[in-house]
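To start, the structure under review is shown below, and the notes come after it.
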Amino acid sequence: MARGAEDSSGDTNATIMMEHWAACGTSRAVPNPHSLSPAAQTRFVEEPEDQTVVAGQRIVLSCVVLNYSGIVQWTKDGLALGMGQGLKAWPRYRIVGTADSGQYNLEISDAELSDDAVYECQATEAALRSRRAKLTVLSKKQTPLNPP
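Numbering (full-length UniProt numbering), first residue to last: 1 to 148.
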């Protein structure tokens, strides 16, 4: 095959790499870009969504990360809540799910008006951040426009 010509998949660079390896006496397959590093495969399968809750109710914000075994943390208005399932500084908050399943859902029990904030799930070692989700907490006297 001529230098710079496309292989059957249409990939000129892959062909040049194979020719180089053949000239050097090595035999290698073209690397799959999805297998280069664990971070390349890591992605969010479920991300938190905007929600409205009445004070006193329980709420769960979703976060499921595929192919990740590092630290996951949640932020509230940009402030890191901590790591691990039990968030000691936040007794009504906990991370539910298992690392094996990639679930790092944030559960807030007995929601308070102070929980009204923007939340984000972060897979820190992969430098991934979920979409931001606004949690709106209504007082018991308010009626939600769109009940959850």
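Beta carbons: idealized from backbone N, C-alpha and C, even for Gly.
Check                                                                                           : Outcome
Environment of Val-45 [buried if 16+ CB atoms lie within 10 Å]                                  : exposed
Rounded C-alpha distance that separates Asp-115 from Thr-52                                     : 11 Å
Inter-stretch contact at 8 Å, needing at least 3 Cβ pairs: the region 56-67 / the region 90-102 : yes
For Gln-41 and Gly-70, the rounded distance between their alpha carbons                         : 13 Å
8 Å Cβ cutoff met for residue 151 and Lys-140                                                   : With the chain running from 1 to 148 in the structure shown, residue 151 is simply not present.
Straight-line Cα distance separating Glu-49 from Gln-85                                         : 20 Å
Inter-residue spacing [alpha-carbon to alpha-carbon] between Leu-66 and Tyr-104                 : 11 Å
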